[in-house]
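In the numbering used here, the protein residues as written are 3 to 352. Every residue gets a Cβ at the ideal spot worked out from N, C-alpha and C, and that includes glycine. Remarks on the structure that follows.
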């Protein structure tokens, strides 16, 4: 029968994804925990079962923060909505579209349902990357896309896998947002896949962390060592160097040929010559860290490299880089990214 009807245009759809859906291409994690919350699973940087051996409730709390944790997908959706729960609300969430910061959301603790507009209608789907708060433990219940007319696609991540371990310098306490920490900036500039194992105030060379790094696939490993050991007086001149050697050697058990870079303490004005409760100055701690690296190099570790923290932030520049005499400002994160990134670029990857 003849008709003058025309087909209805395709209607925008709504798609709801579970956080562990492979289309979300979560990165920077080892798995998920569904314990202790009702608002969805918690993405994990460190296997929780290993943390018991640290005998530290504070380290366990910090390990649950989502530093460096992000997901990405390609989509022509008009918006993305997250159902999530923050523990403390202590840092923002970033949404980047095609590599540029599109939204920064600063919410409080508790459960939230938040939506972000996306540039729908472009010639091609956009790459949308969501960085979870780096100083908070953030659970994700669901991710919803609306207004898309073609299927969303996962993001291919072919870059080098980079694991970074360290103190609050790696955790990045004063960064403007999770995608503007120095590790995130270094990784973004080079197309690397970041795994951030920063633990503010808790970089004590725990065997659990050495084993985590040992068992994590990596093309490059960076270890920022010394400042926590000095500030808390956790090691003496007799014990610090051997502890550094033992940590690196445990990592080496799983990465016999992977480049490992040890970054010694950055400058800390007022602390350089101050003697801590274990009888060491920061100058001595830095020197002992460097000597431990040189010992391992002499024993045949040709893929072990040393970066002097004073070449990253010298004492005379600390005032313009730091917010409080120790931690970089938001602008200081870019200084660290430029200098540490340049040092890492000189190291050939396998």
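Cβ pair residue i, residue j closer than 8 Å
i: residue 146; j: residue 127; result: no
i: residue 70; j: residue 231; result: no
i: residue 117; j: residue 66; result: no
i: residue 121; j: residue 25; result: no
i: residue 293; j: residue 243; result: yes
i: residue 72; j: residue 137; result: no
i: residue 176; j: residue 307; result: no
i: residue 215; j: residue 199; result: yes
i: residue 207; j: residue 245; result: yes
i: residue 154; j: residue 17; result: yes
Spatial distance of residue i from residue j (CA atoms)
i: residue 60; j: residue 15; result: 44 Å
i: residue 141; j: residue 339; result: 28 Å
i: residue 170; j: residue 255; result: 26 Å
i: residue 162; j: residue 197; result: 11 Å
i: residue 173; j: residue 114; result: 24 Å
i: residue 125; j: residue 262; result: 42 Å
i: residue 93; j: residue 103; result: 16 Å
i: residue 4; j: residue 79; result: Per-residue confidence for residue 4 stands at a pLDDT of 38, beneath the threshold of 50, marking its modelled position as unreliable; the derived number appears in the next sentence. Spanning the two alpha carbons is a distance of roughly 36 Å.
i: residue 6; j: residue 149; result: The predicted model places residue 6 with a pLDDT of 39, which falls under 50 and marks its position as unreliable; any figure quoted below should be read in that light. If you take the alpha carbons of residue 6 and residue 149, they lie about 28 Å apart.
i: residue 331; j: residue 325; result: 5 Å
i: residue 47; j: residue 33; result: 7 Å
i: residue 50; j: residue 105; result: 31 Å
i: residue 241; j: residue 213; result: 20 Å
i: residue 22; j: residue 182; result: 25 Å
i: residue 158; j: residue 346; result: 24 Å
i: residue 224; j: residue 74; result: 24 Å
i: residue 38; j: residue 91; result: 17 Å
Option in the options with minimal Cα separation from residue i
i: residue 86; options: 97, 112, 93; result: 112
i: residue 1; options: 301, 235, 71; result: This structure leaves residue 1 out entirely; the chain is present only between 3 and 352.
i: residue 119; options: 132, 110, 125; result: 132
i: residue 41; options: 26, 89, 23, 48; result: 89
i: residue 270; options: 314, 279, 292, 304; result: 314
i: residue 252; options: 289, 32, 209; result: 209
i: residue 341; options: 310, 193, 325; result: 310
i: residue 44; options: 51, 52, 31, 303; result: 31
i: residue 129; options: 62, 82, 167, 110; result: 82
i: residue 258; options: 288, 222, 245, 278; result: 222
i: residue 278; options: 237, 298, 304, 306; result: 237
i: residue 287; options: 300, 55, 265, 301; result: 265
Start-to-end residues for the alpha helix (DSSP H) that takes in residue i
i: residue 256; result: 242-256
i: residue 232; result: 229-234
i: residue 184; result: 184-192
i: residue 215; result: 209-216
i: residue 323; result: 320-323
The beta strand (DSSP E) enclosing residue i, as first and last residue numbers
i: residue 166; result: 163-168
i: residue 198; result: 195-200
i: residue 314; result: First-last for residue 314: 311-314, but that is the alpha helix (DSSP H), not the beta strand (DSSP E).
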